[in-house]
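These notes concern the structure reproduced below.
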Amino acid sequence: MLTISILTLSVLYGSYDSRTGGVTSPHALLQRYRRQAAVSDTSSPSQVLVAGGGIGGIAAALALVRRGFAVKVLEQSPQLGEIGAGIQLGPNAFAAFDALGIGEIARGRAVYTDEMVMHDALDESLVGRIPTGAAFRERFGNPYAVIHRADVHGSLFEGAQATRRIELATSTQVQRIEQDDTGVTVFDAGGGRHRGIALIGADGVKSAVRRQYVGDDARVSGHVVYRAVVDKKDFPADLAWNAASIWVGPNCHLVHYPLRGGEQYNVVVTFHSRDKEEWSVREGSRAEVQSYFEGICARARQLIDLPKDWKRWATADRDPIGQWNYGRATLLGDAAHPTLQYLAQGACMAMEDAVTLGEALRVNDNDFGKAFALYQRSRVARTARIVLSAREMGRIFHARGVERLVRNELWQGRSPERFYDAMEWLYGWKVENCLGAPTPGETR
Ligand SMILES: Cc1cc2nc3c(=O)[nH]c(=O)nc-3n(C[C@H](O)[C@H](O)[C@H](O)COP(=O)(O)OP(=O)(O)OC[C@H]3O[C@@H](n4cnc5c(N)ncnc54)[C@H](O)[C@@H]3O)c2cc1C
């Protein structure tokens, strides 16, 4: 077991200038955050366990620390960190960052794109363009951005660490859970035991907590995602747009956007595998990825020749479930609602979950029983909508034949306002509206 220091973190994550510049130094932000955290710390000696130290687990730890709990995060990996790849963040993610008190740190590391743009990968025609500048920010109260995963995770962890109330147990794989009247005992693969008053299962797509309490099967999609980060000097000038860019083709799509002040580009390509796939992440093969994407226009196809090293995901999700709470344990993030990546919302949802859990504890005076019930009620339908909509979006992205023509006709020429209206349910999320309506007789 290791307790990770802030110094180690700065080595792991570093700090980066954003394209927008004007970033307060990380040290100054941490000092400020520490002062804020000290004020909001209502000093409860009770320890809560969090299984998993990914984006969801660390966001949950941060939300719990802000409610006054001490937190122990149990992480199976020997070292905390994130796979080197970018992710997109909707305005809802920034609302979550702010609610977790790390808005400024995270904002300083994001790249603010001018638009989301979709092209047809067969004939290069423009399918849709959604400006993400001033009008977008005004509509949703926050920006759209792209960011390195490590910068999201690092911002959350720096915030949590600054409170000095989080203990991180690495090389600690959760295996089994027992509950009694006063708490939860987690047994790890190394024979260790960990005791807490509650357990948050944030242990990702193959969650051990979900396996024990739910035990459902994954739906392997057969869709394979290759991801890589390419240096600016190696990235083609005719694609170096300040945009979250997608090329949609039959049974495939390709994505690219800038990272880290435009010094790097994230490249993500997805195809329907011709093989039987199992849910997995491993090193990719150039030969395999180059054997797909036949018929794609040359401009988009050059993306697959750029990276020297790829990471390969064979993706899956699970059917949405209505019960996340099992006594003193609940699920959060991918453990609760693993989704295909087509809405680019998995990490955003994990952070929304964490904020909502914190809010549910706040309005219930830190009573976990009541808070878990409110948390589940507030999150199940919204996250299920993400899972189901992502499946549908994958179908639309990968449309062939006449379906492709319908997709293009539906979106070509659509005004930004119509796109914004369609996104309201997703990007309009705020901490002020995150809790479900009170049930009859419930006071807040
Ligand atoms: C190709 C792809 C593209 C994506 N793009 C986006 C995007 O653009 N925007 C977005 O918002 N989201 C995106 N996502 C989704 C996002 O990456 C995930 O939803 C998010 O990382 C989930 O966080 P999590 O903490 O719930 O799970 P994870 O990140 O998986 O973290 C789980 C943690 O638990 C640990 N763990 C697992 N089992 C155990 C155990 N038994 N004991 C202890 N520890 C354990 C793991 O080591 C890990 O550290 C994408 C996902 C993929 C695959």
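Under the numbering used here, the first residue of the sequence shown is numbered 10, with each subsequent residue one higher. Where a beta carbon is used, it is the ideal one built from N, C-alpha and C, also for glycine.
Give me the Cβ distance between residue i and residue j, rounded to the nearest whole Å; I'm assuming they're in contact under 8 Å.
| i | j | result |
| --- | --- | --- |
| V277 | V234 | 6 Å |
| I67 | A169 | 6 Å |
| Q273 | V298 | About 19 Å; that fails the 8 Å criterion. |
| E84 | A178 | 7 Å |
| H203 | L340 | At roughly 18 Å, the Cβ-Cβ gap does not stay under 8 Å, so H203 and L340 are not in contact. |
| H281 | L312 | Actually they do not touch by this definition, with Cβ atoms about 17 Å apart. |
| V183 | A70 | Between A70 and V183 the Cβ distance is about 15 Å, and since that is not below 8 Å, they are no contact. |
| G342 | I64 | 7 Å |
| A108 | V364 | 4 Å |
In three-state DSSP terms, what is residue i?
| i | result |
| --- | --- |
| P449 | coil |
| Y351 | helix |
| S387 | helix |
| C261 | strand |
| Q184 | strand |
| T392 | helix |
| D2 | As shown, the chain starts at 10 and ends at 453. That puts residue 2 outside it, with no answer to give. |
| R220 | helix |
| W256 | strand |
| Y436 | helix |
| P35 | Because P35 carries a pLDDT of 38, less than 50, the predicted location of this residue cannot be relied on, and no value is offered for it. |
| R228 | strand |
| H157 | strand |
| I96 | strand |
| A108 | helix |
| G30 | Note that G30 scores 27 on pLDDT, short of 50, meaning its location in the model is unreliable; the coordinates nonetheless yield the value given after this. The answer is coil: DSSP assigns G30 none of H, G, I, E or B. |
| F196 | strand |
| P316 | coil |
| D240 | strand |
Comparing C-alpha positions only, which one of the options sits nearest to residue i?
| i | options | result |
| --- | --- | --- |
| A253 | Q85, L263, F244 | L263 |
| A309 | A246, R321, A356, A325 | A246 |
| A325 | N251, E292, W288 | W288 |
| P140 | P152, D132, L349, G213 | P152 |
| A217 | D197, G201, H232 | D197 |
| P344 | V257, V389, K81, G163 | Reading the sequence as shown, one finds Ala at residue 344 and not Pro. The shortest Cα separation from A344 among V257, V389, K81, G163 belongs to V389. |
| E361 | K439, W322, W434, S300 | K439 |
| F302 | V290, R283, I64 | R283 |
| T452 | V257, N373, V195, V411 | N373 |
| G335 | L366, L248, F381 | Here residue 335 is Tyr; the residue named in the question, Gly, does not match the sequence. Closest by alpha carbon: F381. |
| Y190 | E176, I206, G437, G224 | Going by the sequence as given, residue 190 is Asp instead of Tyr. Of E176, I206, G437, G224, the residue nearest in Cα terms is I206. |
| R295 | A393, C306, D318, G304 | D318 |
| A225 | P329, H232, W250 | First, the residue type needs correcting, since residue 225 is Asp and not Ala in the sequence shown. The shortest Cα separation from D225 among P329, H232, W250 belongs to P329. |
| C261 | R291, R220, T194, I305 | I305 |
| R321 | G422, R236, R148 | R236 |
| I175 | G62, A359, D212, F149 | G62 |
| L131 | H407, G437, G445, R427 | H407 |
Exposed or buried, which one is residue i when buried takes at least 16 other CB atoms within 10 Å?
| i | result |
| --- | --- |
| G331 | exposed |
| E401 | exposed |
| S134 | exposed |
| E368 | buried |
| W434 | exposed |
| Y22 | Bear in mind that the predicted position of Y22 carries a pLDDT of just 32, short of 50, making it unreliable; the figure below should be weighed with that in mind. So Y22 counts as buried. |
| V411 | exposed |
| E167 | buried |
| K242 | exposed |
| Q354 | buried |
| S424 | exposed |
| R185 | exposed |
| P449 | exposed |
| N489 | Because the chain is modelled from 10 through 453, residue 489 falls outside the range shown and cannot be assessed. |
| R337 | buried |
| T12 | Any reading at T12 must be qualified, since the residue scores a pLDDT of 32, below 50, and its modelled position is unreliable; the value itself is stated next. It counts as exposed. |
| V415 | exposed |
| L419 | exposed |
Could you pull the start and end residues of the beta strand (DSSP E) that residue i belongs to?
| i | result |
| --- | --- |
| N275 | 273-281 |
| S55 | Counting along the chain, S55 falls outside any beta strand (DSSP E), and DSSP gives it neither H nor E. |
| R249 | One detail in the question is off: residue 249 reads as Ala in this sequence, not Arg. It is not in any beta strand (DSSP E) - A249 carries neither H nor E in the DSSP assignment. |
| A323 | 320-326 |
| V82 | 79-83 |
| R138 | 135-140 |
| V290 | 289-292 |
| H203 | 202-205 |
| H346 | Segment: none, H346 is in no beta strand (DSSP E) and carries neither H nor E. |
How is the alpha helix (DSSP H) around residue i delimited, first residue to last?
| i | result |
| --- | --- |
| G66 | 64-75 |
| L419 | 410-420 |
| R116 | 112-116 |
| Y310 | Note that residue 310 is Arg in the sequence shown here, rather than Tyr. Element bounds for R310: 307-310. |
| R146 | 143-149 |
| E297 | 295-299 |
Report yes if the C-beta of residue i is less than 7 Å from at least one heavy atom of ligand 3; otherwise report no.
| i | result |
| --- | --- |
| S86 | Summarising the ligand content, the structure contains ligand 1 and does not contain ligand 3. |
At the 8 Å Cβ level, is residue i part of the contact set with chain C, yes or no?
| i | result |
| --- | --- |
| H162 | Protein chains in the displayed structure number just one, and chain C is not present. |
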